[in-house]
């Protein structure tokens, strides 16, 4: 079964949802004047962990991927929980590396651990859970025609790093470093998410690839999106890797998952008040769908990005 | 590695904790006047699911075991999240049964699902997460000498049911029904937990067996406990199963895990104000340790109960 079929199957039986319908980066409950935001994301070694990743990086990432979902809701993360599935033969040094990585991430994000659970399992599994508080949750459904489409940071290094590793590409140490930093040690955009909660109309983090996130944003907001490929902030080294493999660097940027950058929409008159670095990459329109607009030509954007649960996590083109 | 060694290893690296130190059934954060309580507990099919359990029962139990931890903190459950690890060859009818069971449990407990995540994994895994709100959290560390030691419901049917199944024992349909009800379809004591939050000094739910929970309660409260074996509310059918296997029914009651009954301590002058059914099974004393007192003889209580991560979940005697 595909991931989407499994989700549909479960949704048929889950008729009680929180104070936001399911479908955002995190769920939410209204608690008095504030919103409690909660998310969970499981990391499975076999499908999610490349063999060059240190256990410290694995532990750190299990925190980051959850904190990023809290950030994209415009919430301040307030706590972390995790469940471990541990194979009986797992090396204790490796396990200690995981613990160290989780601890480092909690220090980095200033988060307490509220609860932890250990179990025996066939493969190493870390299920991370993050909680946050928001004044007003930022959803995927608030984009309105006429707004600007923006993204934090740069794009493509996570996938380019993966391609270097997967294909054993020869690149300079400097390029490898800048790609692997994003591929192996991504960071969540916490302060940006909190800042966006008061100005943006919608947001989503890049987990499965920019193109897939744009389709989600457009569908949930009931709007169209136009993206200008020349405006995409393509990361250092991405063009070089794309060139080595005969790929289009724009496609690499659109497909690159686990970037943990925030995609957001904002009214044009407010955009100048944002005081962190970001790029305007397109506009919100009335015409439903997601389009690439270059040299006066408008084309459907391909739905590039991660595909889960098809034997292995792969880039779906 | 044993579960306790893994926990120690992680605790060395987790220096940020919530507003209660780790070690209770759930973690807690103070949010204004209230306490947010959060817990997570992973169910792994290979070690946690007997083959007679229907997928509906598996899904329901994944909710119950988490809700029980919220209840034992004296909190009202307010939301549920879950992550699934799904083997590629899992039957879709089985998966739908899991979904149905989770949905039934959320209806039973009146809980919304806030977030869900699906992944491919080697074995079926359900990591459940429950959130709750408490006026004041009920911990394992509040028991004081002179108080009464109490437990909700009855004891032993979960283990007796397990023994019937594991050993293929011949018992009447009526006995099998009453044992399997607790073994396969336990329910969390939500209303009792909320009621206890205003009167009890400490509480813990029975996950790993009464005896193990009593040791945790005594150690974390820095007190001693004396238990009167003849006062234990031994469940229907437990004596019969113990007899068939030459076991002491009191030991079955002490070792029986996943009962999800609440053990609590309460000052003697308040005990009469409790308006649900429970049993007084002992007293809190100054003399550290956990003792059984019968016929004027005081003996150390054996630490009976579940042991995790030793190849398989087994009853440790």
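Residue numbers (the working numbering), protein chains in the order written: chain F, 1 to 317; chain U, 1001 to 1317.
We put the beta carbon where it would ideally sit given N, CA and C, even for glycine.
Small disclaimer: the values here were computed from a predicted structure and weren't measured.
Under 6 Å Cβ to Cβ from residue i, same chain only, skipping five residues before and after it: list those, please.
i	result
residue 1121/U	1085
residue 261/F	151, 152, 153, 206
residue 1112/U	1079
residue 1169/U	1244
Can you give me the Cβ contacts of residue i inside the same chain, cut-off strictly under 8 Å, excluding the 5 residues immediately before and after it?
i	result
residue 317/F	In this predicted model, residue 317/F has a pLDDT of only 40, less than 50, meaning its place in the structure is not dependable; the value taken from the coordinates is given anyway. Correct list, in chain order: 251, 255, 302, 304.
residue 191/F	276
residue 211/F	254, 255, 290, 301, 302, 303, 304, 305
residue 45/F	58, 123, 124, 125
residue 294/F	228, 229, 230
residue 1116/U	1081, 1082, 1083, 1084
residue 1280/U	1148, 1149, 1150, 1231, 1271
residue 106/F	63, 80, 112, 113
Specify the secondary structure class of residue i as computed by DSSP and reduced to three states.
i	result
residue 264/F	strand
residue 300/F	strand
residue 1047/U	helix
residue 1252/U	helix
residue 228/F	coil
residue 14/F	coil
residue 209/F	coil
residue 1064/U	helix
residue 1052/U	coil
residue 1069/U	helix
residue 1197/U	coil
residue 1002/U	coil
residue 1234/U	strand
residue 41/F	strand
residue 1075/U	coil
residue 328/F	The requested residue 328/F does not occur in the structure, where chain F is confined to residues 1 to 317.
residue 1058/U	helix
residue 1223/U	coil
residue 1305/U	strand
residue 1007/U	helix
Determine the burial state of residue i: buried for a count of at least 16 other Cβ atoms within 10 Å of its Cβ, exposed for fewer.
i	result
residue 92/F	exposed
residue 1154/U	buried
residue 1246/U	exposed
residue 1152/U	buried
residue 174/F	exposed
residue 1136/U	exposed
residue 1002/U	exposed
residue 1076/U	buried
residue 1282/U	buried
residue 72/F	buried
residue 1052/U	exposed
residue 1268/U	exposed
residue 1248/U	exposed
residue 965/U	Since the first residue shown for chain U is 1001 and the last is 1317, residue 965/U is missing from the structure and cannot be characterised.
residue 297/F	exposed
residue 166/F	exposed
Out of the options, which one is the CA nearest neighbour of residue i?
i	options	result
residue 103/F	55/F, 3/F, 278/F	55/F
residue 148/F	274/F, 294/F, 2/F	274/F
residue 28/F	6/F, 134/F, 11/F	134/F
residue 118/F	1008/U, 1220/U, 1196/U	1008/U
residue 70/F	214/F, 193/F, 160/F, 216/F	193/F
residue 127/F	97/F, 65/F, 297/F	65/F
residue 1234/U	1113/U, 1182/U, 1039/U, 1224/U	1182/U
residue 258/F	33/F, 95/F, 187/F, 195/F	187/F
residue 1015/U	165/F, 179/F, 80/F	80/F
residue 78/F	166/F, 198/F, 38/F	38/F
residue 180/F	172/F, 158/F, 171/F, 167/F	158/F
residue 10/F	1012/U, 1272/U, 1263/U, 1114/U	1114/U
residue 98/F	1110/U, 1006/U, 1167/U, 1263/U	1006/U
So, at 7 Å on beta carbons, what are the nonlocal neighbours of residue i in its own chain, with the 5 sequence-adjacent residues on each side left out?
i	result
residue 292/F	227, 229, 299, 301
residue 143/F	201, 202, 217, 221, 223, 265, 284
Given 8 Å as the limit, tell me if residue i has its C-beta closer than that to any heavy atom belonging to the ligand HEM.
i	result
residue 72/F	In the structure shown, the ligand HEM is absent, as is every other ligand, since no ligand is present at all.
Legend entry - Sequence ranges, beta strand (DSSP E) only - wholly within the stretch 1077-1136 of chain U, length at least 3: With a minimum length of 3 residues, the continuous beta strand (DSSP E) runs that stay inside the stretch 1077-1136 of chain U are 1113-1120, 1125-1134.
Legend entry - Ordered list of beta strand (DSSP E) runs contained in the stretch 130-182 of chain F, each at least 3 residues: Complete beta strand (DSSP E) runs here, min 3: 148-152.
Inset, instruction - Closer than 8 Å, Cβ to Cβ, to anything on chain B: give me those residues from the stretch 1106-1121 of chain U, in chain order. - result: Annotation note: the requested chain B is absent from the structure, which comprises protein chains F and U.
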